[in-house]
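Inspection log for the structure reproduced underneath, given as structure tokens.
Residue numbers (this note's numbering): 833 to 1070.
Laid out in structure tokens, this is it:
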């Protein structure tokens, strides 16, 4: 008997689909990164991706902040709506990055592709945020641990078409194998965005998309892109 890489249920050897979750048993990428985490390399590749489409990334970052700013000014419901759409909005960066990684021509509407995965991204945001906050409240360190572990969860949802929990678990297992390296990577991204915020916030129009590009570069190095991004939505490769 084998364990399904998605739901972890028991399946017979030789089966192509899990009878429990109906996912392919070939596995959505490695559970352990093939090599050492390379934060410097990911930052360089992220910058190069950004330079391929700077007007689009900066324009979308401006839209991103305007939407969040307007919602933040709304009493009561603004915060809830902001939380609900934060996942799809952020995933938009990854979709365009994936197109660039596959040498496709980027299109601005691609930034809004995340809304086609609204429900799993919403559930991912709610559950991961709840677990991280719980960890921070209890001992702080568990919250930081989970924050790093869920680094790739949203990109796994769109690239490998997994539901929110299998995506969170795959990200956790992969990152956990080299947690400290990914922690350093996220710490560098935090410092870069802090520098952007100190420049009257204007710097964030560059540092936020560059950070997303760096995460996409890291994902591509560790998992490899599993979908074709030539169309308006990612399509799993056969």
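Beta carbons are placed, not taken as given, at the ideal position from N, Cα and C, and that holds for glycine.
Buried or exposed (CB count within 10 angstroms, at least 16 for buried), residue i
i, result
"residue 1000", "buried"
"residue 886", "exposed"
"residue 877", "buried"
"residue 1022", "exposed"
"residue 934", "exposed"
"residue 907", "exposed"
"residue 949", "buried"
"residue 1028", "buried"
"residue 883", "exposed"
"residue 1040", "buried"
"residue 1012", "exposed"
"residue 917", "buried"
"residue 969", "exposed"
"residue 951", "exposed"
"residue 1054", "buried"
"residue 840", "Its pLDDT being 47, under 50, residue 840 is placed unreliably by the model, and the measurement read from it follows with that caveat. By the 10 Å Cβ count, residue 840 comes out exposed."
"residue 869", "buried"
"residue 994", "buried"
"residue 1037", "buried"
"residue 956", "buried"
Cβ neighbours of residue i in the same chain (closer than 6 Å, five flanking residues each side left out)
i, result
"residue 892", "943"
"residue 1062", "936"
"residue 871", "1016, 1017 and 1020"
"residue 973", "none"
"residue 1060", "1067 and 1069"
"residue 903", "910, 913 and 914"
"residue 967", "974, 975 and 978"
"residue 1024", "1039"
"residue 897", "none"
"residue 971", "none"
"residue 1052", "933"
Those residues which DSSP pairs with residue i across a bridge
i, result
"residue 1059", "1068"
Contact set for residue i: own chain, Cβ-Cβ below 7 Å, skip 5 residues either direction
i, result
"residue 953", "919, 920, 923, 946, 986 and 989"
"residue 798", "Residue 798 lies beyond the residue range present for the chain, which begins at 833 and ends at 1070; the question has no answer from this structure."
Nearest-angstrom beta carbon gap, residue j and residue i [assumed within contact, 8 Å]
i, j, result
"residue 874", "residue 1044", "Contact flag wrong, Cβ pair sits at about 11 Å."
"residue 894", "residue 929", "Not a contact, Cβ separation roughly 18 Å."
"residue 1007", "residue 996", "Actually they are not in contact, since the Cβ atoms of residue 1007 and residue 996 sit about 16 Å apart, beyond 8 Å."
"residue 926", "residue 1048", "5 Å"
Contacts around residue i, its chain only, beta-carbon distance under 8 Å, and the 5 residues preceding and following it disregarded
i, result
"residue 1003", "981, 982, 983, 984, 985 and 988"
"residue 940", "888, 891 and 892"
"residue 964", "975, 978, 979 and 982"
"residue 830", "This structure cannot speak to residue 830, because the chain is shown only from 833 to 1070."
Closer than 8 Å: residue i CB and nearest the ligand SAM heavy atom
i, result
"residue 982", "Among the components modelled here there is no ligand, and therefore nothing to report on the ligand SAM."
Check: Counting Cβ pairs closer than 8 Å, one from the region 959-966 and one from the region 978-993, do we hit at least three?
Finding: yes
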